[in-house]
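*Asks:*
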Amino acid sequence: MFVLPKEVRMTTTVKLPDPLEKSLRQRCAQEGRSISEVMRDALTAYLAQPAATASAFDLGEGVFGRYSGPEDLAETRKNQLADAWADKHAQRA
Numbered sequence: 001m002f003v004l005p006k007e008v009r010m011t012t013t014v015k016l017p018d019p020l021e022k023s024l025r026q027r028c029a030q031e032g033r034s035i036s037e038v039m040r041d042a043l044t045a046y047l048a049q050p051a052a053t054a055s056a057f058d059l060g061e062g063v064f065g066r067y068s069g070p071e072d073l074a075e076t077r078k079n080q081l082a083d084a085w086a087d088k089h090a091q092r093a
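So that you can map any letter, position 7 of the sequence shown is 7 in UniProt numbering, and since no number is skipped, the others follow by simple counting.
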């Protein structure tokens, strides 16, 4: 349990959805701990983790380009459609 000296404590308000508040109150009652104590411990554990500083590129780097199609599709769409149309009609003949 992490307890700060009284002169450096901060009061804050946290708005929780009803189900989460109910679960928190039940757990605190089961463990005989106050909500403030549980919240302090949760924040301490959260802040002990390294901050996520990955950029959007870093997060998607493994999938960028993996599923890409033809690079010039926008430029050659008319030719590709014409070729597909010609192939379709050539098969019928």
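Note that the Cβ used here is the ideal one computed from N, Cα and C, for glycine as well.
Report the three-state DSSP secondary structure of Asp72 (helix, strand or coil).
*Replies:* Your numbering for residue 72 matches position 72 in the sequence shown. In the three-state scheme derived from DSSP, where H, G and I count as helix and E and B as strand, Asp72 is classed as coil.
*Asks:* How long is the line joining the alpha carbons of Met39 and Met10, rounded to whole angstroms?
*Replies:* As a first step, residue 39 must be located in the sequence shown, where it is residue number 39. As a first step, residue 10 must be located in the sequence shown, where it is residue number 10. Between Met39 and Met10, the C-alpha separation is close to 12 angstroms.
*Asks:* Given 6 angstroms as the limit, tell me if Pro19 has its C-beta closer than that to any heavy atom belonging to the ligand NAP.
*Replies:* This structure simply doesn't include the ligand NAP, nor any ligand for that matter.
*Asks:* Return helix, strand or coil for Ala54, following the three-state DSSP convention.
*Replies:* Along the sequence shown, one-based indexing puts residue 54 at 54. Looking at Ala54 - three-state DSSP - the assignment turns out to be coil, as it is neither helix nor strand.
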